[in-house]
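Have a look at the structure below, then the notes.
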Amino acid sequence: MSTADAATARNATLRRYIFGHAALALGVLLVATAKLPGPAGALWLAVGMLALYTVAGLAPVQLRLRSQGVQFAWGEAAVIIGLVVLPPSTMIWAAALGRLAAELIGRRPADKLTLNVAKQVVAVTAAATLSYLVAGTRVDPFSVRGAVALVAATGVYALFAALSVSIAIALANGTRLRLMPLHRVELIAISGNIAIAFLILAVLRFDPRLLFAIPPMIVFLRLAYAYRLRTHTEREAWQRLAAATDRFSEVDLAQVLGTAVTGAAELFGADEVEVLVRLGTEPDGLVRGDAQGVSWAGPAADAPATGEAETIETPLGGTDADAGPGELRLRFAGTVRLSDSERYALRTFAAALGTALRNAYAYAEAQRRAARHAYDAAHDPLTGLANRRYLLDVGEQVLSERPARGTQAMVLIDLDHFKEVNDTLGHSAGDEVLTAIGRRLATAAGADDIVVRLGGDEFAVLFVALPAPALAVHRARQMLATLDPPIEVDGIRITVGGSAGVALAPVQGGVGELLRRTDVAMYQAKREGSRLAEYVRQRDTADVGRLALGGELRAALHGNQFALRYLPIVELNSGRISAAEALARWEHPYRGEMAPRQFLTAIERSDLLPEFTELVLDTALEAAYQWAEAGHPIGVAVNLSPRSLLDPDFLRVVQRRVTASGVPPEQLTLELTETRNLSRLDVVDETLRGLRELGVRIALDDFGTGSSSLGMLARVPVDELKIDRSFVAGLVTSPEPAAVVRAAIDLGRSLDLSVVAEGVESQRQRALLFELGCPCGSGYLFSRPVTDARIGELLAAETPLAPPMSADAQVIRIPPGRLTRSNRHRL
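Residue numbers (full-length UniProt numbering): 1 to 827.
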C-alpha cells in the first residue's frame, strides 16, 4: 500500500472516530442537562465563564507529532472555577459553547472543531459529575472535601482529554496508542493551572480588587509554560538526534541505511523516510521505510511508486544533492512546517548520515579489494585455480584435521612436451592449453578436492577424503585421463600427455612433505617411461641416502675415510699462525669430500660418537706433536659434541689420549657450543671441571649465539671465547654486531680469557677487530682449511698469512720447555 493510500485509510478511520465521539458528546450533554442540577445564580457568571472558556481555547501551546498538531490549553483552571461558581449543567454548557466559540474564532477545520468540542463536553461532564458526587452542588474550594473534589475532577478532566487526543493521533498516524500528555512539563503545567484557579477563587472571596493582577500573571505563566515545553521538547529531540547519529558507527552499508530510515522516522515524526544513495559508479539506490523498519531497498529505478505526500528533501553531506552521496527525504501524510531547530537537526542528521555512508562505502570497498587481493594471492591468474600458496596454507589445515573417516592423498601431474606447444604455436596457444586442462581437472575433481596449478606446466590435486587408501591410484588415473581428449587451439587439435606421481599423506609431516613425495613419484614415472607412479618410501632417494649414510659410518671409521683439515688461527697484528682448529672431513668413496654438517648428526644419533671422538683427538694430537717436534709448539683446537660430555668415560679417554700423545695438555683446546639442553646438567659441569684440572683448555664456540652462554661462564671456568662468524660478517655494515664484538672482547679481557674471531674474510674486518682489541682470528682472509703437513710448511716458512698491521709487529718464539700456563699465548 502506498503512502497516500495508507493516509486515506487512516483519515477515514479518524473521521469515523470523530463522528462517534461527537455522538457520544451529544448524548452525554443531554443526560447531564437532565440529571445534574440546572441553572442557578447570576447570569453574568455564566457569561463570564463562557468567555473564560473561550479565552482558554484561544491561547494553547502547540506541539507537533508527525503531521498532527497537538495543543495544550488552560482548560484545567477554567474547569475548577466553573465548578465553584456555576451549577454542574450550566458549567457544562458554558464549557461546550466557549470551546465552540474558540474553535470558530480560530477557524479550525471541521473535523478538528468537532473533535475538540466533543472532547471538551465529555471531559467537562466527567469532571462535573465527579465533583457533584463528592461535594454536591455548591463546592467550597477551601474546605477539605471541596479541594479534594476539585483536584480529582481536574485529574479526570485531564485524563479524558488526553485519552481522546491520543486515540485521534494514533488513528491519524497509524501508530500504537500513546497517552498524551506524557511529558513532565505537561504535568507541571496542569499543576500550575490548578494553582491559578485556586488563586483566582481566593481573590474572588477575599478581595475582588486584586483581580486586575491576575491577567498579567496568567500571561507570564503561559509564556513560561510555553518556553519550558519548547525547551524540553527540543532537548529531547537533540538527545534523540545524538542517539540516532551514534548508531551510524556501523561499517555495514545496509545497517547504516536501515538505521537512518528508522531513526529519521522516529526523530522527525515522518510517516515515511527515503534515502537516495549515490556512491561510486553504481546505479542510484533507494531505501524506504518508517519507524517500524525498511519496506524497500534496491535500485531507485525499480522502487514502487508512492502517492502524493508532503516531502522535505535534504542533501546528505552538503548543499548539492548531486555532488554528495545522496539525499534524505521525509514524507508526511499532511502539511508540516518544521521549526528552526528541527531544520537544523535535520541538516545535522543528514550530514552525519552522509559521512557514515562514505565511511561504510569506503570500508566495503576496502573489504572488496582485500578479498580480491587475497583471492589473487591464492589463485593462478591464468587458469583461476588455486596456486601453490593456497595449497600450502589450506592443505596444511586439511592434513592437520585428519578426518576420522577418509584418507588424504595427492597427485602431481607434469605435462609432457608442453614446451613444444609454446615454441611452435606461441605462448598464447600454450595459455589456452593450460586453461583447458585446468577446467578439465576442476570438473573431474570431487567437490571437496583442491585443484592447484603449481606453476609452469605442473598441476596437483589434493584428494581430501578418499574412502580407502587404495582409491588414491584410481583417482589419480582419472585425473590423468582428462588429458587424453585433444584440445583445439586456432583450428589445430593438440594432444598433451603427462606424467604423474601419487602419494598418500604421511602420518607425520605436512603438505610440503606430501608434495615432495608426489614430486619424487612423478620423476620416477618419467624415468621409467610410465604415466603414473606411486610413491614408495624404499625408492625415495633422499631417505635412502640418509639411511645409507648411517649404515656406512662404521665402515668409514674402520676404513680410515675420516681425515682432519686444519684452519689456522692467526694473530691479527702480525698475521702469523698461533694455533690451528681441527675440522673433520669424510672422504667418501663416491660422494666425495663431505663437510661435518653432512654427517655429524648421523654420528651423534649412532653409538659411534665415542669412537669418532677418539679418532679425531688422536689425529689432532699427533699433528700437534709433529709441529712441536719441528720447533713449532702451537696449540690445536678440537670441536667437541655436547653429547660427549654426557659420557662418563670421556674424561678418562681424553687423559689417556693426551698422555699417550706426548703433547702438553695445555696445548689442546676443546671447543664446546653451548646448548640449553646441556647448560644445567651437573654431569656436564663435573666433566668440564675435570678437563680443567687435567690442564686441557676449554673454549666456548659461537659465543653470543647460545641460549645460556653467560650462564655457563658463571659456572664453568673457560679459557677462550670464540666470536661467532655472524657477528664478524656484519661488523663493517651494522653497528649492532660491532657492539656484540666489543662486549665479547671486553668480557674476555675482564675475565682474562683469550678471544678469537671466526670468519674473518676481509682486511677491513681484520682492522676493525684489531682496533677493538681482539688479538686473534681465523677465516678465509688468512687461509682455508689445509692438511697438517701444509700447516707444518707454513710454520717452517715463518711467513705471515697476511701483512702485519704495524711495522714493528713481530713474533717472539718461546722454547717448548719454557711454555707455561702463565706465559703461553691464550687461544
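All C-beta atoms in this analysis are idealised placements derived from N, C-alpha and C, irrespective of residue type, glycine included.
- Where alanine 445 and alanine 481 are concerned, what is the direct C-alpha to C-alpha distance, given to the nearest angstrom? Your numbering for residue 445 matches position 445 in the sequence shown. Your numbering for residue 481 matches position 481 in the sequence shown. Going by the C-alpha atoms only, they are around 12 angstroms apart.
- Query: Do alanine 352 and proline 315 have their C-beta atoms closer together than 8 angstroms?
  - Reply: As a working mapping, residue 352 is identified with position 352 in the sequence shown. As a working mapping, residue 315 is identified with position 315 in the sequence shown. Their beta carbons are not under 8 angstroms apart, which means alanine 352 does not touch proline 315 by this criterion.
- Task: Would you kindly check if the distance between the Cβ of leucine 52 and the Cβ of glycine 98 is under 8 angstroms?
- Result: Numbered from 1 along the sequence shown, position 98 holds the residue referred to as residue 98. Numbered from 1 along the sequence shown, position 52 holds the residue referred to as residue 52. Going by C-beta atoms, glycine 98 is nearer than 8 angstroms to leucine 52.
- Query: Exposed or buried, what is isoleucine 92 when buried is set at 16 or more other beta-carbons lying within 10 Å of its beta-carbon?
  - Reply: Residue 92 sits at position 92 when you count from the first residue of the sequence shown. Buried is the call here.
- Own chain partners of leucine 640 with C-beta closer than 8 angstroms, once the 5 adjacent residues on each side are dropped: Mapped onto the sequence shown, residue 640 falls at position 640. So the list reads Thr613, Leu670, Glu671, Leu672, once near-sequence residues are dropped.
- Hey, would you say glycine 779 sits closer than 8 angstroms to leucine 769, going by beta carbons? If you number the sequence shown from 1, residue 779 lands on position 779. If you number the sequence shown from 1, residue 769 lands on position 769. Not closer than 8 angstroms, so no.
- Residue burial classification, glutamate 666 (beta-carbon count within 10 angstroms, cutoff 16): Walking along the sequence shown from the start, residue 666 turns up at place 666. So glutamate 666 counts as buried.
- Counting Cβ pairs, one atom from each stretch, are 3 or more of them under 8 angstroms apart for the region 558 to 574 and the region 727 to 747? no
- Over what stretch of residues does the beta strand (DSSP E) that includes tyrosine 566 continue unbroken? Within the sequence shown, numbered from 1, the residue matching residue 566 stands at position 566. It spans 562 to 571 - the beta strand (DSSP E) in which tyrosine 566 sits, taken as one unbroken run.
- Task: Report buried or exposed for alanine 476, applying the criterion of at least 16 other Cβ atoms within 10 angstroms of its Cβ.
- Result: In the sequence shown, the residue the question calls residue 476 occupies position 476. Alanine 476 is buried by the Cβ-count criterion.
- Message: Our contact map puts alanine 500 next to valine 411 with C-beta atoms below 8 angstroms; I'd like the distance itself, whole angstroms only.
- Response: For the purposes of this step, residue 500 is taken as residue 500 along the sequence shown, with counting starting at 1. For the purposes of this step, residue 411 is taken as residue 411 along the sequence shown, with counting starting at 1. That belief holds up - the Cβ atoms of alanine 500 and valine 411 are roughly 5 angstroms apart, short of 8 angstroms.
- Query: Across which residues does DSSP place threonine 673 in a beta bridge pair?
  - Reply: In the sequence shown, residue 673 corresponds to position 673, counting from 1. Per DSSP, Asp701.
- When every heavy atom of the ligand ATP is checked, does at least one fall within less than 7 angstroms of the C-beta of proline 88? Here there are no bound small molecules, and the ligand ATP is not part of this structure.
- Message: Cutting at 7 angstroms between CB atoms, please list the residues of its own chain near residue 877, excluding the five before and the five after it.
- Response: Residue numbering for the chain in the displayed model covers 1 to 827; residue 877 lies beyond these limits and cannot be assessed.
- Query: Which value, in whole angstroms, describes the spacing of the CA atoms of glycine 690 and alanine 796?
  - Reply: If you number the sequence shown from 1, residue 690 lands on position 690. If you number the sequence shown from 1, residue 796 lands on position 796. Rounded to the nearest angstrom, the two C-alpha atoms are 35 angstroms apart.
- Of the listed residues Asp701, Met594, Ala25, nearest to alanine 161 (C-alpha basis): Taking the sequence shown and counting its residues from 1, one reaches residue 161 at position 161. Considering only alpha carbons, the answer is Ala25.
- Task: Under 7 angstroms Cβ to Cβ from phenylalanine 703, same chain only, skipping five residues before and after it: list those, please.
- Result: As a first step, residue 703 must be located in the sequence shown, where it is residue number 703. Hits under 7 angstroms: Ser709, Leu721, Lys722, Ile723, Asp724, Ala744.
- Determine the closest residue to alanine 46 out of Gly20, Val79, Gly27, Gly298, with distance taken between C-alpha atoms. Counting from one through the sequence shown, the residue named residue 46 turns up at place 46. The residue with the shortest Cα to Cα distance from alanine 46 is Val79.
- Task: Work out the CA separation of leucine 617 and isoleucine 450 for me, nearest whole Å.
- Result: Indexing the sequence shown from 1 puts residue 450 at position 450. Indexing the sequence shown from 1 puts residue 617 at position 617. If I take the Cα positions, the gap works out to 56 angstroms.
- Would you call histidine 427 buried or exposed, if buried means 16 or more other Cβ atoms sit within 10 Å of its Cβ? Mapped onto the sequence shown, residue 427 falls at position 427. Counting Cβ neighbours within 10 Å, histidine 427 comes out exposed, since fewer than 16 surround it.
- Rounded separation between alanine 242 and glutamate 272 - CA only: Walking along the sequence shown from the start, residue 242 turns up at place 242. Walking along the sequence shown from the start, residue 272 turns up at place 272. One C-alpha to the other measures close to 21 angstroms.
- Message: Please classify alanine 660 as buried or exposed, where buried requires at least 16 neighbouring CB atoms within 10 angstroms.
- Response: Position 660 of the sequence shown holds residue 660. By the neighbour-count rule (16 or more Cβ atoms within 10 Å), alanine 660 is not buried but exposed.
- Any 3 or more C-beta pairs closer than 8 angstroms across the region 113 to 128 and the region 22 to 37: yes
- For valine 473, the first and last residue of its enclosing beta strand (DSSP E): One-based indexing of the sequence shown puts residue 473 at position 473. Per DSSP, valine 473 belongs to no beta strand (DSSP E); it is in the alpha helix (DSSP H), 471 to 481.
- Task: Determine contact between the region 105 to 114 and the region 129 to 138, defined as no fewer than three beta-carbon pairs at a distance below 8 angstroms.
- Result: no
- Query: Can you list the alpha helix (DSSP H) stretches of 4 or more residues lying completely in the UniProt domain "GGDEF" (406 to 538), in chain order?
  - Reply: 418 to 425, 427 to 444, 471 to 481, 511 to 528
- Task: Within the region 626 to 693, note down every full alpha helix (DSSP H) run reaching 4 residues or more, in order along the chain.
- Result: 650 to 661
- Message: Per DSSP, what are the beta-bridge partners of proline 315 in this structure?
- Response: The residue given as residue 315 occupies position 315 in the sequence shown. In DSSP, proline 315 forms a bridge with Glu327.
- Task: Consult DSSP for alanine 158 and reduce its assignment to one of helix, strand or coil.
- Result: Here residue 158 refers to the residue found at position 158 when the sequence shown is read from its first residue. Alanine 158: helix per DSSP, three-state reduction.
- What is the residue span of the alpha helix (DSSP H) that histidine 379 lies within? On the sequence shown, residue 379 is found 379 positions in, with the first residue counted as 1. Where histidine 379 is concerned, there is no enclosing alpha helix (DSSP H), given that its DSSP letter is neither H nor E.
- State the Cα-Cα distance for the pair aspartate 540 and valine 520, rounded to the nearest angstrom. Here the question's residue 540 lines up with position 540 in the sequence shown. Here the question's residue 520 lines up with position 520 in the sequence shown. Taking the straight line joining both Cα atoms gives about 7 angstroms.
- Query: By how many angstroms is the C-alpha of alanine 436 removed from the C-alpha of valine 489?
  - Reply: As a first step, residue 489 must be located in the sequence shown, where it is residue number 489. As a first step, residue 436 must be located in the sequence shown, where it is residue number 436. Rounded to the nearest angstrom, the two C-alpha atoms are 10 angstroms apart.
- Can you find at least 3 beta carbon pairs, one from the region 287 to 294 and one from the region 255 to 266, that sit closer than 8 angstroms? yes
- Start and end of the beta strand (DSSP E) containing arginine 585? In the sequence shown, counting from the first residue as 1, residue 585 sits at position 585. Segment 577 to 588, the beta strand (DSSP E) holding arginine 585.
- Three-state secondary structure (DSSP) of alanine 260: Translated into positions along the sequence shown, residue 260 becomes position 260. Alanine 260: helix per DSSP, three-state reduction.
- Item | Neighbourhood of leucine 182 by C-beta distance below 8 angstroms, restricted to the same chain and skipping five residues each side | As a first step, residue 182 must be located in the sequence shown, where it is residue number 182. Caution is warranted here: a pLDDT of 46 is assigned to leucine 182, below 50, making its placement in the model unreliable, and no coordinate value can be reported.
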